[in-house]
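**Student:**
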Amino acid sequence: MSEKASEDKKTIDATGYVCPYPAMLTLDALKELPAGGVLEVTVDNPPSVENISHKVESKGYKVEKVDEIGEKLWKITMSKQA
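Oh and the sequence shown: position 6 is 5 in numbering that gives the first Met the number 0, straight run, nothing missing.
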């Protein structure tokens, strides 16, 4: 897993990991973001796309979009509301 961060935007590469690890990483990262911050997570495991989206929304965060950026590769963009 690799992480890149600025003050209000963070990126996590969770490729190669299976559930529930990508969702756990995502929720931990969202907790650390400031209000209005954006998190992008890249995954290559189809169940992780649904699992992350469900977990994020159940905790009150917003899934902005899910993009298929390659064969079996997705980028999920989320935000932490103010």
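Where a beta carbon is used, it is the ideal one built from N, C-alpha and C, also for glycine.
Using three-state DSSP, classify T76 as helix, strand or coil.
**Tutor:** The sequence position of residue 76 within the sequence shown is 77, counting from 1. T76 falls in the strand class under three-state DSSP.
**Student:** Based on Cα-Cα distance, which residue from K61, V17, N50, P45 lies nearest to G36?
**Tutor:** In the sequence shown, residue 36 corresponds to position 37, counting from 1. Minimum Cα distance to G36 is reached at K61.
**Student:** What separation, rounded to the nearest whole angstrom, lies between the Cα atoms of E63 and Y16?
**Tutor:** Walking along the sequence shown from the start, residue 63 turns up at place 64. Walking along the sequence shown from the start, residue 16 turns up at place 17. Using only the alpha carbons, I get a separation of about 22 Å.
**Student:** If you measure between the beta carbons of K9 and L32, is that distance less than 8 Å?
**Tutor:** Residue mapping note: residue 9 aligns to position 10 of the sequence shown, counting from 1. Residue mapping note: residue 32 aligns to position 33 of the sequence shown, counting from 1. For K9 and L32, yes; Cβs fall inside 8 Å.
**Student:** What three-state label does DSSP hand T25 in the structure shown?
**Tutor:** Start at 1 with the first residue of the sequence shown, and residue 25 comes out as number 26. Note: T25 maps to helix in three-state DSSP.
**Student:** With a threshold of 8 Å on Cβ separation, who are the neighbours of H53 within its own chain once the five nearest residues in sequence on each side are excluded?
**Tutor:** For the purposes of this step, residue 53 is taken as residue 54 along the sequence shown, with counting starting at 1. Excluding residues within five positions, none has a Cβ falling inside 8 Å.
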